[in-house]
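Below is one structure, written out as structure tokens; comments come after it.
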DNA sequence: AACCTTCCCTGATGGC
DNA sequence: TGCCATCAGGGAAGGT
């Protein structure tokens with residue numbers, strides 16, 4: 254499930270390759286992922302990709318006349334297909350990490366948007382579960398602000414401040430875990446990094462926010478950017494579907510402390526990692542390091 | 001306002 | 001072998 258580190262990895266990968274590229278043709282699959290009138294796609298042709306940015310789990314393509322905003326949902330993949338790479342390629346030599354598995358798909362029944370570039374490369378959006386969404390906005394600052402008005406703090410930016418963090422948690426009786434998933438609180442945190450941050454901070458995911466001590470809040474506040482940056486450093490977490498813009502899987506899954514490690518022992522204390530459901534979400538924690 | 005539940009969707013998995 | 005039920009989960013929408 255792509256969260257901030259995965260979206261950031263995709264964004265950086267694309268950024269280094271498609272700035273300045275001109276759109277030649279658009280091909281669509283399932284129209285369900287498009288959150289705008291289909292015929293507006295005609296407007297994209299001949300526009301140039303000027304820049305890329307990210308807000309929370311959204312990736313934003315700045316074009317001449319529009320902004321294309323994409324959310325990958327659960328299983329969304331944004332890859333740059335290159336005509337010089339054979340479809341049968343399954344491995345790619347990476348300068349630092351050696352041979353890596355890649356999953357560069359030719360368009361299939363799950364490919365819902367193909368943005369064909371002038372030079373023959375194709376920016377593809379593929380999403381098996383179709384929880385992803387694509388928006389087309391005019392290039393207007395106010396409209397962009399409105400679009401993101403309900404999103405919370407960017408955890409890796411200046412605007413991420415402890416006073417705002419504390420203010421949001423004040424008086425909340427909900428367990429802290431679902432609050433971390435609230436995009437109106439901190440944008441970009443999802444199920445994996447929420448569990449990882451709570452473990453790093455030593456906080457039980459079911460603990461009600463109002464009962465967190467100042468010290469615990471401080472630890473959690475700092476743990477969030479720490480685990481997100483670690484995720485980015487290892488190219489994101491691939492559990493099943495996530496791949497970057499080159500079709501490469503992430504490496505961060507090998508460094509997870511709790512997520513998906515139920516039944517295994519905690520690397521810090523040796524206790525058995527447990528999995529419970531909190532706020533309708535699978536939640537992983539160490540019962541010894543994260544006491545109520 | 002805060003909190004909780006349901007729904008969307010498909011592939012993987014397990015029981016029989 | 002095949003069929004069915006169940007599960008995963010981001011976020012919107014609906015209810016309390």
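Residue numbers (our numbering): 254 to 545. No residue lacks a Cβ here, since even glycine has one placed at the ideal position from N, Cα and C.
Give me the DSSP bridge partner(s) of residue i.
i           : result
residue 332 : 377
residue 369 : 278 and 375
residue 306 : 313
residue 538 : 527
residue 388 : 322
residue 301 : 275
residue 364 : 379
residue 501 : 355
residue 428 : 461
residue 284 : Paired residues: none, contrary to the question.
DSSP three-state call for residue i: helix, strand or coil?
i           : result
residue 321 : strand
residue 402 : coil
residue 449 : helix
residue 315 : strand
residue 349 : Because residue 349 carries a pLDDT of 47, less than 50, the predicted location of this residue cannot be relied on, and no value is offered for it.
residue 342 : Note that residue 342 has pLDDT 47, beneath the 50 cutoff, so the model's placement of it is unreliable and the number below is only indicative. Three-state DSSP puts residue 342 in coil, outside helix and strand.
residue 357 : coil
residue 479 : helix
residue 262 : helix
residue 439 : strand
residue 461 : strand
residue 513 : coil
residue 409 : coil
Pull up the CB-CB distance for residue i and residue j, whole angstroms please, since I reckon it's below 8 Å.
i           : j           : result
residue 408 : residue 387 : Not really, about 24 Å apart at Cβ, beyond 8 Å.
residue 515 : residue 254 : That pair is no contact at about 17 Å.
residue 380 : residue 530 : In fact, because the Cβ distance is near 26 Å, the residues do not count as touching under 8 Å.
residue 472 : residue 455 : 7 Å
residue 289 : residue 302 : About 18 Å separates the two Cβ atoms, so there is no contact after all.
Is the Cβ-Cβ distance between residue i and residue j less than 7 Å?
i           : j           : result
residue 384 : residue 326 : yes
residue 457 : residue 517 : no
residue 280 : residue 333 : no
residue 431 : residue 461 : no
residue 291 : residue 297 : no
residue 312 : residue 362 : no
residue 424 : residue 467 : no
residue 258 : residue 481 : yes
*If you pair each beta-carbon of the stretch 523–531 with each one of the stretch 496–503, do three or more pairs fall below 8 Å?*
Judged by Cβ distances under 8 Å, the stretch 523–531 makes no contact with the stretch 496–503, as fewer than three pairs qualify.
*Hey, is the stretch 529–539 in contact with the stretch 446–456, meaning 3+ C-beta pairs nearer than 8 Å?*
Cβ pair count under 8 Å is three or more, so yes.
*Specify whether the stretch 269–284 and the stretch 357–374 touch according to this definition: at least 3 beta carbon pairs, one from each stretch, less than 8 Å apart.*
With contact defined as three or more Cβ pairs closer than 8 Å, the stretch 269–284 and the stretch 357–374 are in contact.
_Any contact between the stretch 469–488 and the stretch 305–322? By contact I mean 3 or more CB pairs, one from each, below 8 Å._
Output reads no: the stretch 305–322 does not touch the stretch 469–488.
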